[in-house]
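S.K.: Residue numbers (the numbering used here), protein chains in the order written: chain A, 1 to 71; chain B, 72 to 142; chain C, 143 to 213; chain D, 214 to 284; chain E, 285 to 355; chain F, 356 to 426.
6 protein chains.
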Amino acid sequence: MPIIEMHLMTGRSVEQKRAVAAAITEAVCTTLGVKAETVRILVTEHGSEDFSVAGMTAGLRTERQQESEGI
Amino acid sequence: MPIIEMHLMTGRSVEQKRAVAAAITEAVCTTLGVKAETVRILVTEHGSEDFSVAGMTAGLRTERQQESEGI
Amino acid sequence: MPIIEMHLMTGRSVEQKRAVAAAITEAVCTTLGVKAETVRILVTEHGSEDFSVAGMTAGLRTERQQESEGI
Amino acid sequence: MPIIEMHLMTGRSVEQKRAVAAAITEAVCTTLGVKAETVRILVTEHGSEDFSVAGMTAGLRTERQQESEGI
Amino acid sequence: MPIIEMHLMTGRSVEQKRAVAAAITEAVCTTLGVKAETVRILVTEHGSEDFSVAGMTAGLRTERQQESEGI
Amino acid sequence: MPIIEMHLMTGRSVEQKRAVAAAITEAVCTTLGVKAETVRILVTEHGSEDFSVAGMTAGLRTERQQESEGI
Numbered sequence: 001m002p003i004i005e006m007h008l009m010t011g012r013s014v015e016q017k018r019a020v021a022a023a024i025t026e027a028v029c030t031t032l033g034v035k036a037e038t039v040r041i042l043v044t045e046h047g048s049e050d051f052s053v054a055g056m057t058a059g060l061r062t063e064r065q066q067e068s069e070g071i
Numbered sequence: 072m073p074i075i076e077m078h079l080m081t082g083r084s085v086e087q088k089r090a091v092a093a094a095i096t097e098a099v100c101t102t103l104g105v106k107a108e109t110v111r112i113l114v115t116e117h118g119s120e121d122f123s124v125a126g127m128t129a130g131l132r133t134e135r136q137q138e139s140e141g142i
Numbered sequence: 143m144p145i146i147e148m149h150l151m152t153g154r155s156v157e158q159k160r161a162v163a164a165a166i167t168e169a170v171c172t173t174l175g176v177k178a179e180t181v182r183i184l185v186t187e188h189g190s191e192d193f194s195v196a197g198m199t200a201g202l203r204t205e206r207q208q209e210s211e212g213i
Numbered sequence: 214m215p216i217i218e219m220h221l222m223t224g225r226s227v228e229q230k231r232a233v234a235a236a237i238t239e240a241v242c243t244t245l246g247v248k249a250e251t252v253r254i255l256v257t258e259h260g261s262e263d264f265s266v267a268g269m270t271a272g273l274r275t276e277r278q279q280e281s282e283g284i
Numbered sequence: 285m286p287i288i289e290m291h292l293m294t295g296r297s298v299e300q301k302r303a304v305a306a307a308i309t310e311a312v313c314t315t316l317g318v319k320a321e322t323v324r325i326l327v328t329e330h331g332s333e334d335f336s337v338a339g340m341t342a343g344l345r346t347e348r349q350q351e352s353e354g355i
Numbered sequence: 356m357p358i359i360e361m362h363l364m365t366g367r368s369v370e371q372k373r374a375v376a377a378a379i380t381e382a383v384c385t386t387l388g389v390k391a392e393t394v395r396i397l398v399t400e401h402g403s404e405d406f407s408v409a410g411m412t413a414g415l416r417t418e419r420q421q422e423s424e425g426i
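#1: For Ser68(A), count neighbouring C-beta atoms within 10 Å of its own C-beta (all shown protein chains included) and say buried if the count is 16 or more, exposed if not.
#2: Counting pairs of Cβ atoms below 8 Å between the stretch 220-227 of chain D and the stretch 86-95 of chain B, do you hit three or more?
#3: At what residues does the beta strand (DSSP E) containing Glu187(C) begin and finish?
#4: Going along chain E in order, which residues have a C-beta closer than 8 Å to the C-beta of Arg182(C)?
#5: Using a C-beta cutoff of 9 Å, does Ile379(F) count as contacting chain I?
#6: Would the beta-carbon of Ile396(F) fall within 9 Å of that of Met364(F)?
#7: According to DSSP, is Ser52(A) helix, strand or coil?
#8: Who are Met290(E)'s beta bridge partners in DSSP?
#9: With C-beta atoms as the reference, is Asp50(A) less than 9 Å away from Glu97(B)?
#10: Look at Ser194(C) and Ala376(F) and say whether their C-beta atoms are less than 9 Å apart.
#11: Whose CA, out of Ile308(E), Gly317(E) and Glu321(E), lies closest to the CA of Val252(D)?
#12: Relative to the C-alpha of Cys313(E), which candidate in Glu418(F), Ile359(F) and Gly410(F) has its C-alpha closest?
#13: According to the neighbour-count rule (16 or more other Cβ atoms, all chains shown, within 10 Å of its Cβ), is Gly31(A) buried or exposed?
#14: So what does Thr417(F) bridge to, in DSSP terms?
#15: Quick one: which chain D residues come within Cβ less than 9 Å of Thr133(B)?
#16: Looking at the unbroken alpha helix (DSSP H) that takes in Glu299(E), where does it start and where does it end?
#17: Buried or exposed for Thr275(D), please, with buried defined as at least 16 other CB atoms from any protein chain shown within 10 angstroms of its CB.
#18: Of all the options Gly354(E), Met285(E) and Gln350(E), which has the alpha carbon lying nearest to the alpha carbon of Gly317(E)?
#19: Since Met151(C) meets chain B, which of its residues come closer than 8 Å, beta carbon to beta carbon?
#20: Output, in chain order, the set of chain E residues within a Cβ distance shorter than 8 Å of Ala240(D).
#21: Are the CB atoms of Ile216(D) and Ala288(E) within a distance shorter than 9 Å?
#22: Whose Cβ in chain A lies nearer than 8 Å to the Cβ of Thr385(F)?
#23: If you compare alpha carbons, which of Ala413(F), Lys390(F), Glu392(F) and Ala391(F) is closest to Val327(E)?
#24: Nearest chain E C-beta to Met411(F) closer than 9 Å, yes or no?
#25: Does any residue of chain D bring its CB to less than 9 Å from the CB of Gly130(B)?
#26: Quick one: does Glu211(C) have its CB under 9 Å from some CB of chain E?
#27: From the beta carbon of Gln420(F), is the nearest beta carbon of chain A less than 9 Å away?
#28: Among the residues of its own chain, which have a CB less than 7 Å from the CB of Ala249(D), if the five just before and after it don't count?
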């Protein structure tokens with residue numbers, strides 16, 4: 001511990017994933033006083049139809065915004 | 072909050088995913104008295120070898136059923 | 143499946159928990175065409191220091207709001 | 214219940230997935246005294262850039278090791 | 285990895301928790317060929333109003349059963 | 356998104372929880388280029404019998420260590 005699960009929208013680059021893993025681990029070690037070796041992070045990526053806010057998937061939201069902005 | 076993670080078998084259509092996101096959000100808002108904007112839903116899909124009941128994956132179960140029904 | 147994990151702030155009544163379980167299950171059955179028996183819902187409650195938005199726990203947010211409103 | 218989520222690195226064979234589902238279910242039934250039908254297992258697979266220990270993704274760790282071992 | 289989250293109804297004894305942790309770990313090591321040191325298990329317990337099947341919480345189900353059995 | 360679930364051993368202070376929420380959020384915003392308002396963190400605490408490594412709960416491990424160190 002700590003064990004961290006992070007849910008992201010798909011599409012992050014390898015560089016971003018490596019950077020966020022390092023940065024979160026440092027943040028946790030500094031504030032909780034744990035050793036880096038105890039920190040594990042699992043990332044799960046979600047497509048645009050697999051995440052919703054206010055009952056609307058991200059994909060539908062994008063579609064609606066594009067419609068409202070004209071073709 | 073609420074934050075909801077929903078595990079589904081793979082294969083739902085975009086229409087189904089949009090419909091279930093809207094319906095769950097309405098269900099939660101009505102019964103818990105929260106605003107729709109606070110409801111987030113994450114969907115994770117699992118393949119037929121990544122879900123098991125009673126120690127048998129869905130894929131194995133299907134295979135067994137097909138066998139028992141003859142070729 | 144579907145298996146649903148719902149994260150809530152602590153403090154919901156038994157009546158609310160029963161109502162939201164019934165309502166989500168109905169929402170899922172109607173939109174995904176699954177049988178109610180296949181729907182499982184797990185609720186995890188989080189205290190005010192165990193949920194944060196924008197880097198601020200709910201507890202700290204409440205504290206700040208009370209301060210800004212006087213006394 | 215029990216409901217079990219298992220996070221694995223990608224790349225397990227169908228045979229391994231079926232074997233581990235059966236073995237975990239038996240382990241749970243024996244030690245907790247539950248019926249196999251109540252045990253559900255969800256597997257989520259993570260790629261090498263989606264799992265990190267000590268702030269380093271599995272992919273980066275492999276890369277570093279290969280470098281240190283020479284080409 | 286593997287990292288395992290197990291959801292249980294509240295009320296397991298310390299002995300049961302220690303036994304199931306050992307048994308699952310052995311099951312995973314044997315079938316997936318991993319070292320025991322890589323297996324981490326997290327248990328989350330859920331009260332009777334925090335788990336539902338078919339839209340009915342475990343608490344409500346018990347209540348109904350007791351009613352149907354007389355006083 | 357990102358939505359982050361962090362599993363901790365029980366016993367962190369309110370100050371630690373507030374500090375880690377702020378630090379993780381900043382780490383995520385800096386490396387992924389997201390706005391702080393989109394970052395949600397859920398903390399779940401686990402008791403010493405609810406977390407195991409290598410098939411041994413944290414509670415059992417502590418007990419064994421105390422025994423091996425004499426009374």
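Ideal placement from N, C-alpha and C gives every residue a C-beta, glycine not left out.
Here the structure is a predicted model, which means the values were calculated and not measured.
M.R.: Taking the geometry as given:
#1: So Ser68(A) counts as exposed.
#2: With contact defined as three or more Cβ pairs closer than 8 Å, the stretch 220-227 of chain D and the stretch 86-95 of chain B are not in contact.
#3: Segment Arg182 to His188, the beta strand (DSSP E) holding Glu187(C).
#4: Residues of chain E whose Cβ lies closer than 8 Å to the Cβ of Arg182(C) are, in chain order, Phe335, Ser336 and Val337.
#5: Among the protein chains in the structure shown, which are A, B, C, D, E and F, there is no chain I.
#6: Between Ile396(F) and Met364(F), the C-beta gap is not smaller than 9 Å, which leaves the two residues out of contact.
#7: If DSSP states are grouped into helix, strand and coil, Ser52(A) belongs with the strands.
#8: Note: Met290(E) sits in a beta bridge opposite Ile217(D) and Val327(E).
#9: No, they are not a contact pair.
#10: The answer is yes: Cβ separation under 9 Å.
#11: It is Ile308(E).
#12: Closest option to Cys313(E), judged by alpha-carbon separation, among Glu418(F), Ile359(F) and Gly410(F): Gly410(F).
#13: For the sequence presented, residue 31(A) should be read as Thr rather than Gly. By the neighbour-count rule (16 or more Cβ atoms within 10 Å), Thr31(A) is buried.
#14: According to DSSP, which records beta bridges pairwise, Thr417(F) is partnered with nothing at all.
#15: Within chain D, no residue comes near Thr133(B); the closest Cβ sits about 12 Å away, beyond 9 Å.
#16: Val298 to Leu316 is the extent of the alpha helix (DSSP H) around Glu299(E).
#17: Exposed: under 16 other Cβ atoms inside 10 Å.
#18: With distances taken between Cα atoms, Gly317(E) lies closest to Met285(E).
#19: By Cβ distance, chain B contributes Met72.
#20: Taking a Cβ-Cβ threshold of 8 Å, the residues of chain E close to Ala240(D) are Val304, Ala307, Ile308, Glu310 and Ala311, in chain order.
#21: It should be noted that the sequence gives Ile, not Ala, for residue 288(E). The answer is no: Cβ separation not under 9 Å.
#22: What Thr385(F) touches in chain A: Ala23.
#23: That would be Ala413(F), whose Cα lies nearest to the Cα of Val327(E).
#24: Answer yes: the Cβ-Cβ gap between Met411(F) and chain E drops below 9 Å somewhere.
#25: Contacts with chain D at 9 Å (Cβ-Cβ) include Gly130(B).
#26: Using beta-carbon distances, Glu211(C) does not count as an interface residue toward chain E, since no partner is under 9 Å.
#27: Taking a beta-carbon distance threshold of 9 Å, Gln420(F) does not count as an interface residue toward chain A.
#28: Cβ neighbours of Ala249(D) beyond the five flanking positions: Thr238 and Cys242.
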